[in-house]
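Heads up: the sequence shown begins at -17 in the numbering used here, then just goes up one per residue. Below: the structure, in C-alpha coordinates.
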Amino acid sequence: MGEKFVASVPVRWSDIDVYQHINHATMVTILEEARVPFLREPFENEITTTGLLIAQVTVSYKGQLRLVDSPLQVTIWVNRLRAVDFTLGYAVRSVQADPESRPAVLAETQLAAVAIHEQRLLRLTPAQRDYLQHFLR
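Shown next, in the form of C-alpha coordinates:
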(Lines of atoms letter the chains of each structure in order from A and count residues from 1; the text may use other names and numbers.)
(Lines give C-alpha, C1' and ligand atoms only; values in the text may rest on other atoms or scores of the structure.)
Protein backbone atom coordinates (compact mmCIF):
# COMPACT_ATOMS: atom_id res chain seq x y z
CA MET A 1 0.00 0.00 0.00
CA GLY A 2 1.28 3.45 -0.92
CA GLU A 3 1.99 6.48 1.16
CA LYS A 4 -0.70 8.91 2.27
CA PHE A 5 -0.57 12.70 2.24
CA VAL A 6 -2.23 14.51 5.15
CA ALA A 7 -3.31 18.15 5.03
CA SER A 8 -4.90 20.25 7.76
CA VAL A 9 -7.69 22.53 6.52
CA PRO A 10 -9.35 25.07 8.82
CA VAL A 11 -13.12 25.45 8.87
CA ARG A 12 -14.41 29.02 8.61
CA TRP A 13 -17.64 30.36 10.06
CA SER A 14 -18.93 30.90 6.50
CA ASP A 15 -18.43 27.16 5.77
CA ILE A 16 -21.31 26.24 8.08
CA ASP A 17 -24.89 25.88 6.82
CA VAL A 18 -28.15 26.64 8.62
CA TYR A 19 -28.04 23.17 10.25
CA GLN A 20 -24.62 23.95 11.77
CA HIS A 21 -22.84 21.43 9.50
CA ILE A 22 -20.15 22.03 6.92
CA ASN A 23 -21.98 22.82 3.68
CA HIS A 24 -21.67 20.32 0.80
CA ALA A 25 -20.26 22.89 -1.64
CA THR A 26 -17.73 23.87 0.98
CA MET A 27 -16.67 20.24 1.43
CA VAL A 28 -15.70 20.13 -2.24
CA THR A 29 -13.66 23.30 -1.67
CA ILE A 30 -12.01 21.74 1.41
CA LEU A 31 -10.95 18.79 -0.76
CA GLU A 32 -9.45 21.27 -3.22
CA GLU A 33 -7.61 23.13 -0.46
CA ALA A 34 -5.99 19.84 0.59
CA ARG A 35 -5.33 18.73 -2.99
CA VAL A 36 -3.41 21.87 -4.03
CA PRO A 37 -0.42 21.31 -1.70
CA PHE A 38 -0.48 17.59 -2.51
CA LEU A 39 -0.10 18.26 -6.24
CA ARG A 40 2.22 21.26 -6.00
CA GLU A 41 5.45 19.24 -6.22
CA PRO A 42 4.72 17.23 -9.38
CA PHE A 43 2.95 20.00 -11.30
CA GLU A 44 4.47 23.34 -10.22
CA ASN A 45 7.17 23.38 -12.93
CA GLU A 46 4.50 23.09 -15.65
CA ILE A 47 1.94 25.43 -14.04
CA THR A 48 1.75 27.70 -17.10
CA THR A 49 1.43 24.87 -19.65
CA THR A 50 -0.33 21.97 -17.89
CA GLY A 51 -3.68 22.16 -16.17
CA LEU A 52 -5.66 19.62 -14.20
CA LEU A 53 -9.36 19.39 -14.94
CA ILE A 54 -11.81 17.73 -12.60
CA ALA A 55 -13.58 14.98 -14.54
CA GLN A 56 -15.61 13.58 -11.66
CA VAL A 57 -16.25 14.22 -7.96
CA THR A 58 -17.88 11.77 -5.55
CA VAL A 59 -18.56 12.68 -1.92
CA SER A 60 -20.04 10.26 0.65
CA TYR A 61 -20.99 11.52 4.08
CA LYS A 62 -20.52 9.00 6.89
CA GLY A 63 -20.80 11.41 9.81
CA GLN A 64 -21.23 15.06 10.73
CA LEU A 65 -18.57 17.74 10.64
CA ARG A 66 -19.14 21.04 12.38
CA LEU A 67 -17.24 24.23 13.14
CA VAL A 68 -15.99 22.74 16.44
CA ASP A 69 -14.26 19.96 14.44
CA SER A 70 -11.84 22.46 12.91
CA PRO A 71 -9.28 22.03 11.61
CA LEU A 72 -10.08 19.07 9.42
CA GLN A 73 -7.56 16.35 8.67
CA VAL A 74 -7.75 15.44 4.99
CA THR A 75 -5.87 12.27 4.04
CA ILE A 76 -5.17 11.81 0.32
CA TRP A 77 -3.98 8.81 -1.70
CA VAL A 78 -4.10 7.71 -5.36
CA ASN A 79 -6.77 5.14 -6.26
CA ARG A 80 -6.02 4.92 -9.98
CA LEU A 81 -3.21 6.15 -12.23
CA ARG A 82 -3.50 6.14 -16.02
CA ALA A 83 -1.72 7.85 -18.93
CA VAL A 84 -3.63 11.16 -18.89
CA ASP A 85 -5.65 11.00 -15.68
CA PHE A 86 -5.66 9.83 -12.09
CA THR A 87 -8.17 9.41 -9.30
CA LEU A 88 -7.50 10.63 -5.77
CA GLY A 89 -9.16 9.20 -2.68
CA TYR A 90 -9.85 11.30 0.42
CA ALA A 91 -10.77 10.62 4.03
CA VAL A 92 -11.88 13.65 6.06
CA ARG A 93 -12.18 13.81 9.84
CA SER A 94 -11.58 16.29 12.63
CA VAL A 95 -7.94 16.51 13.71
CA GLN A 96 -9.31 15.77 17.19
CA ALA A 97 -10.54 12.36 15.98
CA ASP A 98 -8.48 9.20 16.27
CA PRO A 99 -6.60 8.84 12.93
CA GLU A 100 -7.87 5.25 12.76
CA SER A 101 -11.50 6.22 13.39
CA ARG A 102 -14.16 6.06 10.70
CA PRO A 103 -13.89 9.18 8.51
CA ALA A 104 -16.82 11.59 8.44
CA VAL A 105 -16.37 12.00 4.67
CA LEU A 106 -15.01 9.71 1.97
CA ALA A 107 -14.47 11.23 -1.46
CA GLU A 108 -12.84 10.77 -4.84
CA THR A 109 -11.84 13.16 -7.59
CA GLN A 110 -10.76 12.13 -11.06
CA LEU A 111 -8.36 14.64 -12.59
CA ALA A 112 -7.21 14.81 -16.20
CA ALA A 113 -4.02 16.54 -17.36
CA VAL A 114 -4.60 19.04 -20.15
CA ALA A 115 -2.31 21.17 -22.32
CA ILE A 116 -3.58 24.67 -21.46
CA HIS A 117 -2.83 26.42 -24.76
CA GLU A 118 -3.91 23.56 -27.03
CA GLN A 119 -6.88 22.54 -24.84
CA ARG A 120 -6.23 18.84 -25.30
CA LEU A 121 -5.51 15.93 -22.98
CA LEU A 122 -1.86 15.52 -22.10
CA ARG A 123 0.08 12.47 -20.95
CA LEU A 124 1.49 12.71 -17.44
CA THR A 125 5.26 13.13 -17.38
CA PRO A 126 7.45 10.36 -15.93
CA ALA A 127 8.20 12.60 -12.91
CA GLN A 128 4.49 13.22 -12.30
CA ARG A 129 3.72 9.50 -12.61
CA ASP A 130 6.58 8.60 -10.23
CA TYR A 131 5.30 11.06 -7.62
CA LEU A 132 1.72 9.81 -7.87
CA GLN A 133 2.89 6.17 -7.87
CA HIS A 134 4.23 6.63 -4.30
CA PHE A 135 0.66 7.28 -3.13
CA LEU A 136 -1.03 4.50 -5.14
CA ARG A 137 -3.11 2.12 -3.05
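Note that beta-carbon positions come from the ideal geometry of N, C-alpha and C, so glycine has one too.
Counting along the chain, the unbroken beta strand (DSSP E) around L54 starts and ends at L54 to L63. At least 8 Å separates the beta-carbon of I4 from that of V56.
If you draw a 10 Å sphere on the C-beta of D(-1), you find fewer than 16 other C-beta atoms in it, and that means exposed. Taking 4 residues as the minimum length, the region 14 to 53 contains no alpha helix (DSSP H) run wholly inside it. Around the Cβ of I58, a 10 Å sphere holds 16 or more other Cβ atoms; the residue is buried. In this structure, the beta-carbon distance from V18 to P53 does not fall below 8 Å. Three or more pairs of CB atoms, one per stretch, sit closer than 8 Å, so the region 93 to 107 contacts the region 21 to 40. Restricting attention to L21, V(-12) and T40, the CA atom closest to the CA of A7 is found in T40. With respect to the 8 Å criterion, Q110 and F20 are not classified as neighbours on the basis of their beta carbons. Cβ contact annotation for V60 (same chain, cutoff 8 Å, sequence separation greater than five): G(-16), F68, T69, L70, G71, L114, Q115, F117, L118 and R119, in chain order.
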